[in-house]
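Scroll down for the structure; my scribbles are underneath it.
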Amino acid sequence: MQRVTTDKGLGYTEPGSPIASSFRDKGCTSATNSVRCLRRNRKLLRKYKLHQNRDDNSEITQPLLGMASTDIAKSHDGTTTTSNLDDESFNVDNAAARRVLRKIDLRVIPLLFITYNLNFMDKTILSSASVFGLSSDTGLKGQEYSWVSSIFYFGYFFWEYPTTFLIQRLRVGQYVGVNTVLWGVVVAVTAACTDYGGLLIVRFLLGVAEATTSPAFVFITSTWYTRSEIPFRTGIWFAGNSLGGVFSSFIAYGLGHVEHPLHPWQWMFIVLGVATFLWGVVLFFFLPNSIASASFLTPEERGIAQQRVHASGTGTEKHAFASAEAIEAILDPKTWFIFSMSLLTQIPNSGTQNFGNLVLKGFGFSSLDSTLVVLPASFISFASITGAGWLAGKYSNITTHLVCIVVIFPIVGSAIIYTGAGRGVKLFAYYLLSTGSTALPLLLSLVGSNLKGSTKKMTVTAILFLAYCAGNVIGPQLFKMDEAPHYNTAFEAIMICYALVVFLAMGLRFYLITVNKRRRRPSLVSVSDLEQITDQNDPIHEMGYREQAEKLNSKAAPRTLQYHANKAGAKRFKKRYQTKISSKNQKLRKEYGLLHERDTILEL
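Count the sequence shown with UniProt numbering and you get residues 1 to 604, in order.
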């Protein structure tokens with residue numbers, strides 16, 4: 001983002017700019033009273049057409065935003081591309097915006113969806129392989145199979161935070177493509193393993209290779225889409241998990257009939273490894289790095305795409321690591337609510353993923369039948385994820401309610417299995433467990449919608465996936481081989497974990513409601529670089545009226561506001577500005593792109 005000379009406040013002015021001079025003449029030398037100036041000078045704004053460059057011989061820059069009229073965006077490779085945002089109004093034509101959104105959907109979402117299909121298939125094919133001779137051929141005993149399942153997440157844990165840093169610094173499209181190629185190689189090599197040690201090594205490396213996928217997709221989604229669009233898009237690509245389970249079952253059933261020259265479980269890893277390798281090449285060339293470098297969009301469309309996400313307070317082109325944002329993420333209570341729920345949802349989810357076929361075999365199904373009986377569970381999971389994502393995108397502030405709803409079914413299902421009912425009832429109860437996987441994409445959508453600042457968002461994403469790893473390490477260990485085929489300890493733990501998720505989801509909702517009440521208090525606008533604002537670093541926010549005015553005094557506040565800072569004028573200050581600032585300022589912020597995450601109302 002192009003920087004210009006700052007004034008005494010937090011805004012930016014361009015020396016010599018006719019608008020800057022005019023605003024300065026009107027007493028608008030500080031960002032702290034910028035909205036008042038905007039209100040008083042609507043005619044001035046119309047005269048100069050702040051977001052339209054009518055003068056072909058001069059370039060009018062925007063005095064109040066950290067964004068020039070010609071937006072210079074930096075892509076992942078460090079190059080700059082210019083998008084003439086002045087060619088379009090800040091109020092983007094709805095038809096043009098829909099056209100751009102449709103092009104983005106057709107290019108980005110299918111790539112993410114198919115990749116997540118392969119991600120899930122390569123990770124969980126171990127469950128199918130376990131009933132087709134993997135354990136006997138490699139000599140696994142006791143809890144060794146559980147550790148082969150868990151070691152994947154040690155690799156995931158090891159590489160999770162470093163890769164979130166690299167996602168911000170490298171070309172994300174090419175980086176994801178290279179990681180996909182490497183994980184395809186690792187999956188194919190698994191077929192050559194002959195003992196417990198070899199399986200541990202390749203599964204650890206597979207965790208390292210796949211650690212990039214989910215945080216990269218969260219980053220890509222929040223870069224390309226607005227707050228209201230993130231939940232549904234996240235649900236779509238995350239639903240690749242469920243369809244991946246469908247394809248994995250069909251592949252396992254087909255290859256389960258092949259006996260020579262290799263065993264069925266070896267063919268499963270070879271076929272999926274080669275497919276993943278080839279898909280990684282496709283990603284390398286076709287997954288875009290950023291809006292600014294998207295070749296499938298015209299310059300005008302890139303400008304509209306950038307404008308959409310900037311106005312929403314989501315997308316970012318900044319890639320420098322900010323340690324202050326990382327610390328802020330660690331101290332934010334939202335982070336630890338999300339961490340806890342991610343941990344508790346993944347403990348049961350990982351167990352059923354890795355032991356699903358063994359559990360079904362314990363119900364009395366054969367090895368081949370178990371690969372087909374699990375299909376309805378995959379379809380239920382797909383419908384649950386896409387349906388919840390659609391609802392979260394269509395209706396505001398229901399995400400935490402949806403988290404509670406989708407985990408109630410697994411609580412009931414695990415209780416039925418724990419009681420030891422008949423085979424048909426147990427199978428129905430097993431299908432009820434399928435909705436539990438919906439909780440994670442809903443949590444990811446909360447991260448994308450409620451956090452701003454590239455480093456903060458990626459730090460919270462990394463923390464979420466660290467919990468994801470920890471839960472997936474713990475889950476398989478609860479399925480004790482000496483309790484087969486009932487696994488009472490595991491299903492008791494599933495009930496407890498999901499019950500705690502309901503409690504935490506309601507706690508998060510109460511906390512967000514409390515924060516939103518504070519954010520609805522009247523506050524004066526502080527204008528700074530849109531890309532450097534996080535949800536907590538705005539210096540004028542969530543403060544009492546007197547404290548607010550005192551803060552303004554140190555930021556060259558107007559004399560009238562300094563007067564109202566004293567004790568005698570505090571009540572008059574509150575009464576005079578309460579309605580005006582809470583309504584008109586919000587309207588102006590939205591109109592001129594001044595709405596930061598710190599000023600937005602959080603999704604519940």
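Built from N, CA and C at the ideal position, the CB exists for glycine as well.
No experiment lies behind these values; they were computed from the predicted model shown.
Residue from 436, 483 and 471 with nearest C-alpha to residue 652: This structure cannot settle anything about residue 652, because the visible part of the chain is limited to 1 through 604.
Proximal residues to residue 377 (C-beta, below 6 angstroms), its chain only, five neighbours per side dropped: Here the set comprises 431 and 434.
For residue 304, the nearest candidate out of 226, 351 and 369 (CA to CA): Ranked by Cα distance from residue 304, the options 226, 351 and 369 are led by 226.
Residue closest to residue 201, alpha-carbon to alpha-carbon, out of 179, 152 and 292: Ranking the options by Cα distance to residue 201, first place goes to 152.
Anticipated Cβ contact below 8 angstroms, residue 173 with residue 299, distance rounded: Contact doesn't hold; Cβ gap of about 19 angstroms is too wide.
Candidates 468, 465, 182 and 323: closest to residue 274 by CA position: Of the candidates 468, 465, 182 and 323, 182 places its Cα closest to the Cα of residue 274.
Cβ-based neighbour list, residue 135, same chain, cut-off 8 angstroms, excluding 5 preceding and 5 following: Result list for residue 135: 145, in chain order.
Pair within 9 angstroms by beta-carbon distance, residue 278 and residue 267: With respect to the 9 angstroms criterion, residue 278 and residue 267 are not classified as neighbours on the basis of their beta carbons.
Beta-carbon separation (whole angstroms), residue 345 vs residue 388, contact threshold 8 angstroms: Contact between residue 345 and residue 388 is absent: CB atoms are separated by about 13 angstroms, not below the 8 angstroms threshold.
Where residue 124 falls, given that 16 or more other Cβ within 10 Å makes a residue buried: Under a 10 Å Cβ-count criterion, residue 124 is classified as buried, with 16 or more other Cβ atoms of the shown protein chains found around its own Cβ.
Given residue 467 as reference, the closest of 362, 350, 370 and 385 once Cα atoms are compared: Comparing Cα-Cα distances from residue 467 to each of 362, 350, 370 and 385, the minimum goes to 350.
The region 357-376 / the region 232-244 touching (three or more Cβ pairs under 8 angstroms): No, because fewer than three Cβ pairs between the region 357-376 and the region 232-244 fall closer than 8 angstroms, the two stretches do not touch.
First and last residue of the uninterrupted alpha helix (DSSP H) at residue 145: Here the alpha helix (DSSP H) through residue 145 covers 144-169.
Whole-number beta carbon distance between residue 195 and residue 139, since they are thought to touch under 8 angstroms: That belief holds up - the Cβ atoms of residue 139 and residue 195 are roughly 6 angstroms apart, short of 8 angstroms.
Straight-line gap, residue 177 to residue 421 (C-alpha atoms, nearest Å): CA-CA distance, residue 177 to residue 421, rounds to 47 angstroms.
Expected contact under 8 angstroms - CB spacing of residue 400 and residue 604 to nearest Å: That belief holds up - the Cβ atoms of residue 400 and residue 604 are roughly 5 angstroms apart, short of 8 angstroms.
Separation of residue 517 from residue 180, as counted between CA atoms: Residue 180 and residue 517: Cα-Cα distance of roughly 44 angstroms.
Residue from 360, 479, 459 and 235 whose Cα sits closest to the Cα of residue 143: Comparing Cα-Cα distances from residue 143 to each of 360, 479, 459 and 235, the minimum goes to 479.
Among 368, 348, 117 and 215, nearest to residue 487 - alpha-carbon criterion: The residue with the shortest Cα to Cα distance from residue 487 is 348.
At least 3 beta-carbon pairs within less than 8 angstroms: the region 460-474 vs the region 368-387: By the criterion of at least three beta-carbon pairs nearer than 8 angstroms, the region 460-474 is not in contact with the region 368-387.
Helix, strand or coil at residue 273 [DSSP, three-state]: In this structure, residue 273 counts as helix in the three-state DSSP scheme.
Three or more C-beta pairs below 8 angstroms linking the region 325-342 and the region 103-121: Judged by Cβ distances under 8 angstroms, the region 325-342 makes no contact with the region 103-121, as fewer than three pairs qualify.
Beta-carbon proximity list for residue 337, same chain, < 8 angstroms, skipping 5 on both sides: Cβ within range, chain order: 504, 507, 508 and 511.
Integer Cβ distance of residue 235 from residue 441, believed to fall under 8 angstroms: The distance from the Cβ of residue 235 to that of residue 441 is about 5 angstroms, consistent with a contact at the 8 angstroms cut-off.
Spatial distance of residue 356 from residue 130 (CA atoms): In this structure, the CA atom of residue 356 is about 10 angstroms from the CA atom of residue 130.
Minimum C-alpha distance to residue 247 - residue among 171, 271, 230 and 262: Across the set 171, 271, 230 and 262, the C-alpha of 271 shows the shortest separation from the C-alpha of residue 247.
Where residue 398 falls: helix, strand or coil (DSSP): Per DSSP, reduced to three states, the secondary structure at residue 398 is coil, with no helix or strand assignment.
Contact between the region 151-165 and the region 206-221 (3+ Cβ pairs under 8 angstroms): Contact between the region 151-165 and the region 206-221 is present, because at least three Cβ pairs lie under 8 angstroms.
Sub-9 angstroms separation of residue 449 and residue 231 beta-carbons: Yes. Within cutoff.
Same chain, Cβ closer than 8 angstroms to residue 412, neighbours up to 5 away in sequence not counted: Once the five neighbours on either side are set aside, the close Cβ partners of residue 412 are 429 and 432.
Proximity below 9 angstroms, CB of residue 211 to CB of residue 155: Taking 9 angstroms as the Cβ cut-off, residue 211 and residue 155 qualify as a contacting pair.
Nearest candidate by alpha-carbon position, reference residue 99, set 281, 310, 302 and 257: Nearest C-alpha to residue 99: 302.
Alpha helix (DSSP H) segment containing residue 439, residue limits: Start and end: 439-450.
Three-state secondary structure (DSSP) of residue 364: It is coil, neither helix nor strand.
Buried/exposed call for residue 250, threshold 16 Cβ in 10 Å: Here residue 250 is exposed, its C-beta having fewer than 16 other C-beta atoms within 10 Å.
Start and end residues, alpha helix (DSSP H) containing residue 495: Counting along the chain, the alpha helix (DSSP H) containing residue 495 begins and ends at 488-519.
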